[in-house]
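Going by the numbering used here, the first residue of the sequence shown is number -16, and it counts up by one from there.
The C-beta atom is built at its ideal place from N, Cα and C for all residues, glycine as well.
Keep in mind the model is a prediction, meaning the values are calculated, not measured.
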Amino acid sequence: MRKLVSRKLVLQNLVLQNLVLQNLVLQKLGVGLLAGAIALPVAAAARDYRAGAIEIDNPWSRAVPKGASVAAGYVTIKNTGTEADRLVESSTPVAAKVEIHQMTMDNGVMRMRPLSGALEIKPGETVELKPQSLHFMMTGVRGPIEQGKPFKGTLVFEKAGPVEVEFSVEAPGAPAPGTKGAGTKASGGHDMHDMHDMH
Ligand SMILES: [Cu+2]
């Protein structure tokens, strides 16, 4: 098993402390704070991992309603080496199956389908799994995926080997880690997850 490195932790704590201080100053000045402002840096806590030439940044997911059977996951993968590598398998204890899906436009309708074969990361390339784009699709979700409760996952690369990671869990509909959820409207009802429910 490879050694995992979480490099940003110290930095995050410093950032967090700064934000707390700033908020205290603002409060003294009588400036109202947006609810949840202080929680943002916690939610944004980046998780970075490295195995061989592969760098894995910030795996994240979004909370799904109780009883939901599908969830999506996202991550940024960099290949800092000189040879291509491939993500051949992904798994998590919170779901029966993890696939990589791609989004394609089909007559003006966005559709997703499983990537055929493994996800290749060319030398020097950064592949971003993000909303409305490539993503992990978790099916057979076991138990709740709740905001602020990270879950584990394993990404297996052909060359770099297996890497254990932790997915942060953001608000439902959050467009990116550390951002607020879509709230009560917007993408809430037309999320990728719902598209999945349709097929
Ligand atoms: Cu999908």
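query, result
"Give a single yes or no on whether Met93 has its beta carbon closer than 7 Å to a heavy atom of ligand 1.", "no"
"Counting Cβ pairs closer than 8 Å, one from the region 110 to 121 and one from the region 67 to 78, do we hit at least three?", "yes"
"Quick one: what does DSSP say Val47 is sitting in, helix, strand or coil?", "coil"
"Please state whether DSSP places Thr162 in a helix, a strand or coil.", "coil"
"Return yes when at least one heavy atom of ligand 1 lies under 7 Å from the C-beta of Ala55, else no.", "yes"
"Per DSSP, what kind of secondary structure is Val77 in: helix, strand or coil?", "coil"
"Please state whether DSSP places Asn90 in a helix, a strand or coil.", "coil"
"In the structure shown, what three-state DSSP assignment does Gly107 receive?", "coil"
"Strictly by DSSP, which residues pair up with Gln130?", "DSSP, once it has assigned bridges, lists no residue as partnering Gln130."
"In whole angstroms, what is the alpha-carbon distance linking Glu103 and Gly126?", "31 Å"
"Closest to Lys132 by C-alpha separation, out of Lys163, Ala34, Val146, Ser151, would be which residue?", "Ser151"
"Pick from Ile128, Glu149, Pro106: whose alpha carbon is nearest that of Gly51?", "Checking the sequence shown, residue 51 turns out to be Ala, not Gly. That would be Ile128, whose Cα lies nearest to the Cα of Ala51."
"Does chain D have any CB closer than 8 Å to the CB of Arg125?", "Looking for chain D here will not work: only one protein chain is present."
"For Ser151, write down the residues that DSSP places opposite it in a beta bridge.", "Trp43"
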